[in-house]
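Report on the structure given below.
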Amino acid sequence: MGKLLRVNLSTGEAVDEPLDMEKAKLYLGGSAMGGRILLEEVPAEVGAYDEGNRLMFLAGPFSGTAVPGSGTYTVVTKGPLTNQAATAQANGWFGARIKAAGYDGIIVQGISPKWVYLVINEGVVEIRDAGDVMGMDTQETQAHLTEALGLPKASVACIGPAGEKMVRFANISSDYGHFASTNGIGAVMGSKRLKAIVAHGTAKVPVYDEVRFKEAAKAWQKGCQETIMGSTVSAVGTGGFLSPAAVTGWLPVKNYTTTVFDEHPQYNGDALRASTGSTRTPCHACPLHHSTRLEVLTEPYKGLVTDEPEYEGLAGFGANIGVTNVNETLKLCDVNDRMGMDLKECTFVISLVMELYEAGVLTKDDTDGLELTWGNTEAVLALLPKIAHRDGFGDLLAEGVYRTALKIGPEALKRAIYIREGIAPHVHDVRGMWGYLMGQVVSNFGSIEGFSPADMLPEADIGLETPPERFTDPLGLADAQAKWARKYAFVDAAGTCFFTTVALPGMVEALNALTGLDLTDADILEGGWRHITTLKLFNIRHGFKREQDTASPRILEANPDGPNVGISVAKDLASMVERYYMNMGWDAEGRPTQATIESLGIAV
Ligand code: SF4
9 MGKLLRVNLS TGEAVDEPLD MEKAKLYLGG SAMGGRILLE EVPAEVGAYD EGNRLMFLAG
69 PFSGTAVPGS GTYTVVTKGP LTNQAATAQA NGWFGARIKA AGYDGIIVQG ISPKWVYLVI
129 NEGVVEIRDA GDVMGMDTQE TQAHLTEALG LPKASVACIG PAGEKMVRFA NISSDYGHFA
189 STNGIGAVMG SKRLKAIVAH GTAKVPVYDE VRFKEAAKAW QKGCQETIMG STVSAVGTGG
249 FLSPAAVTGW LPVKNYTTTV FDEHPQYNGD ALRASTGSTR TPCHACPLHH STRLEVLTEP
309 YKGLVTDEPE YEGLAGFGAN IGVTNVNETL KLCDVNDRMG MDLKECTFVI SLVMELYEAG
369 VLTKDDTDGL ELTWGNTEAV LALLPKIAHR DGFGDLLAEG VYRTALKIGP EALKRAIYIR
429 EGIAPHVHDV RGMWGYLMGQ VVSNFGSIEG FSPADMLPEA DIGLETPPER FTDPLGLADA
489 QAKWARKYAF VDAAGTCFFT TVALPGMVEA LNALTGLDLT DADILEGGWR HITTLKLFNI
549 RHGFKREQDT ASPRILEANP DGPNVGISVA KDLASMVERY YMNMGWDAEG RPTQATIESL
609 GIAV
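For the sequence shown, the numbering used here assigns the number 9 to the initial residue and increments by one for each residue that follows.
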C-alpha cells in the first residue's frame with residue numbers, strides 16, 4: 009500500500025510514513041521489516057515497557073491478496089520475558105484488514121496518559137477513550153467494539169485482562185480464535201495503555217501482473233492442500249498431531265515427569281471433531297478451512313461454544329496438567345484465551361506449581377487454598393483469573409515459568425520447563441525432538457524460526473529430501489535447521505500462514521507477479537538469513553550472550569519412560585547450537601561475523 013501508520017500515544021499524533029521501498033526489497037514486511045525497525049529505533053537502554061519501545065503490527069506483501077492464508081500479520085516488539093526481540097504471528101483476517109484500511113503496517117510508540125483504543129477505518133485514524141471496554145475479556149472486547157462502531161466486517165486486535173495487568177506472558181487476540189502470543193507482546197500493549205486496534209477498509213492491494221498473479225495464487229491454493237501439513241490441518245486440525253505425539257514420546261505429560269498419556273485417542277483431532285458440533289471459520293483466502301468453532305455436546309460443560317484449540321492447547325490444558333477429560337480441557341482453553349494469555353507459558357507455569365504441590369514443596373498456604381493436584385480442573389479454573397488479574401498466588405505465576413521458579417527456589421528451578429533464561433518452549437516434550445528443541449533454543453525469538461520441525465518433515469525444495477534422524481544425527485539436525493529457518497523466515501515476512509506454505513518456486517513466482525520484482529529462490533533464502541541475522545544483531549545489542557542459548561535442567565534430563573526412555577540431548581545440545589551458528593555465518597559466541605553482515609548488506 010506504500011505507507012506505514014505511526015502512532016505516538018504519548019502525544020496523540022498519528023502520521024503516515026512512506027514505505028522505504030529499498031528497505032522493503034531487502035526485508036519484505038512482517039517480522040523481517042519489524043526486526044529492521046527495532047534495530048534502527050529501539051536502543052539498548054529502552055526496556056520492554058518504556059515509552060521508547062515500539063509495538064508493530066505488520067502485514068506482508070501477500071497480506072490481503074488471493075494467496076492462501078494471507079490474512080496473517082506479525083507483531084514485533086522488545087518482549088518482557090527475554091528482554092530481547094519478540095515476533096509473533098497470528099492468522100485470521102487482521103493482516104488483510106490492515107491493508108484494506110490503507111496501510112502496510114502500524115507502528116505504535118509512547119505511552120498513553122489514559123486507556124485508549126485505535127480505530128483505522130478507510131485510512132482515517134482515531135484514538136478513542138477505552139473506558140467502555142476496560143476489564144472485558146478478549147472475545148467480549150472484539151464483539152463490543154465491532155458492534156459499537158457499526159463495523160461488523162472490521163477486525164479487532166486486543167488484549168484481555170492479562171494484558172491490562174501486564175502479565176508477563178499476555179498475548180494479543182484477533183478475529184476471535186487467533187492469537188499472537190510469544191514473549192509477552194500483550195503486556196507491552198498493556199504498558200502503552202492500548203486496549204485494542206480496530207482495522208477496517210475496502211482498499212485493494214495493487215497487483216503488478218494480474219493474470220500471472222492469478223495463476224500463481226491458484227497453483228498455491230491447490231498446492232497447499234496437498235502437503236502433509238496442509239492436508240492434515242484441513243482434515244482434522246492441528247489436533248491431528250496429538251496421538252502421533254503421544255505414541256512417539258513428544259507429548260508433554262505432567263511437566264515432563266512422564267511421557268505416557270493413555271487418554272490421547274479422545275483428544276486427537278478426528279475424535280474431537282466427532283464428539284463435538286463443529287462449524288468452520290476459515291481465515292482470509294484460505295482453502296484449508298482449518299479454523300473451527302466447536303460446541304460441546306456432552307457433560308461436563310455441555311453447551312460451551314468455543315474456538316477449537318490447536319494441538320498446543322489440547323496438550324497444554326490436557327496431558328501437561330494431568331487433565332484427562334477433553335471437555336474440561338476445552339473449558340480451560342476457553343478461559344485462558346478469554347483472559348488473553350500465552351498458553352505455552354501458562355501451561356508450563358501451572359504444571360510446575362502442580363508438580364511442586366504434589367511433592368509437598370508448595371502447600372495450600374502458598375496457593376491461596378487451591379488444591380493443585382494433577383488434573384484438578386476446578387482448581388485451575390480458579391487459578392487462571394487469579395493469574396490474569398495478578399491476584400495473590402496468581403501474581404507470582406504471572407511472571408512466567410523462569411521467574412516463578414527463581415522466586416520459589418532450587419526445587420522449582422530443577423523442575424521448570426524453559427529455554428533461553430526465561431521463556432517456555434512450544435507445548436511438546438522437546439526431549440523427544442532434538443531439532444525442534446534446538447530451533448527454539450537458537451531462536452531470536454521469532455515465531456517461525458522457533459517453530460521449525462526440521463526433524464520431521466521432508467522439504468525437497470531446500471535440499472531436505474529426508475529429514476535427519478532425530479537422535480542419532482545431531483549435527484545433521486543443526487544443518488537442517490539452518491535451511492528451514494531461512495525458508496520459513498520468508499513466511500513470517502511475507503504475510504502468509506505457516507500451514508499454507510508450499511515449495512519455494514511457487515511462492516517466489518507469486519511474489520514476483522505481485523510486485524514486479526525478479527527474485528530467485530536463492531534471493532528469498534538469503535532474505536531469510538538477513539532477517540534472522542538482523543534480529544540477532546538487535547538481541548546482541550540488548551544483552552544476548554552465548555550462555556542463554558540452552559535449555560533448563562529438566563529438559564536436559566533423559567526421557568523417563570516411553571519409546572525414548574533413557575535418551576538425553578545433554579551432551580549434544582551445545583555442539584548443535586555451535587554448528588547452527590557456523591551455518592549462519594556467526595562466530596562461536598553466536599555473533600554474526602563482519603563478513604556476514606557485509607555480505608547481507610545489513611547497515612548497522
Ligand atoms: S491454515 Fe488455518 S490458521 Fe492458516 S490461514 Fe488457513 S484456516 Fe487460518
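Every residue, glycine too, gets a C-beta built ideally from N, C-alpha and C.
Heavy atom of ligand 1 within 7 Å of residue i beta-carbon
i, result
"C341", "no"
"G598", "no"
"H298", "yes"
"K287", "Correcting the residue identity first, residue 287 is Thr in this sequence and not Lys. Flag unset: Cβ of T287 not near ligand 1."
"G77", "yes"
"T523", "no"
"T240", "no"
"P317", "no"
"P160", "no"
"N99", "yes"
"C354", "no"
"F507", "yes"
"C294", "yes"
"P433", "no"
"C166", "no"
"P252", "no"
"P290", "yes"
Inter-residue spacing [alpha-carbon to alpha-carbon] between residue i and residue j
i, j, result
"R14", "G143", "27 Å"
"V127", "G245", "33 Å"
"F70", "P317", "26 Å"
"R281", "P393", "28 Å"
"G311", "V409", "33 Å"
"M592", "S286", "44 Å"
"G4", "V219", "Only positions 9 to 612 of the chain appear in the structure, and residue 4 is not among them; the question remains open."
"V334", "S299", "18 Å"
"T504", "W101", "11 Å"
"N129", "I205", "11 Å"
"Y184", "R346", "9 Å"
"L34", "E606", "14 Å"
"V361", "A323", "17 Å"
"G131", "A490", "40 Å"
"E383", "P260", "In the sequence as presented, Glu is not what sits at residue 383; that position holds Gly. In a straight line, the C-alpha of G383 is about 14 Å away from that of P260."
Residue-chain proximity (residue i, chain D), Cβ-Cβ < 8 Å
i, result
"E353", "Absent from the structure: chain D. Only one protein chain is present."
Burial state of residue i, where buried means 16 or more other Cβ atoms lie within 10 Å
i, result
"L340", "buried"
"S359", "buried"
"S583", "exposed"
"Y216", "exposed"
"Q602", "exposed"
"V516", "buried"
"E555", "exposed"
"L63", "buried"
"R439", "buried"
"P600", "buried"
"L519", "buried"
"P475", "buried"
"M349", "buried"
"R494", "buried"
"M29", "exposed"
"H297", "exposed"
Counterpart residues of residue i in DSSP-defined beta bridges
i, result
"G484", "In DSSP, G484 forms no bridge with anything."
"A98", "Y81"
"Q619", "Examination of residue 619 is not possible in this model, given that the chain is present from 9 through 612 alone."
"W594", "P600"
"I427", "I431 and A559"
"L391", "In the DSSP output, where bridge partners are listed per residue, L391 has none listed."
"A22", "V15"
"A93", "K86"
"T149", "Note: T149 sits in no beta bridge, so no partner."
"E467", "L472"
"D315", "R301"
"L126", "I135 and I205"
Taking the runs of the beta strand (DSSP E) that are 3 residues or longer, which of them lie wholly in the segment 31-81? 63-66
Runs of 3 residues minimum, wholly inside the segment 247-292: which ones carry the beta strand (DSSP E) assignment? 284-288
Quick one: which unbroken alpha helix (DSSP H) runs of 4-plus residues sit fully inside the segment 500-582? Chain order, please. Runs of the alpha helix (DSSP H) inside the segment 500-582: 512-523, 529-549 and 561-564.
Starting from the N-terminal side, write out each stretch of the alpha helix (DSSP H) that is 4 residues or longer and does not extend beyond the segment 156-231. You should have 169-172, 193-199 and 218-231.
Can you give, in chain order, each stretch of the alpha helix (DSSP H) that sits fully within the segment 335-369 and has at least 4 residues? Within the segment 335-369, the complete alpha helix (DSSP H) runs of at least 4 residues are 351-366.
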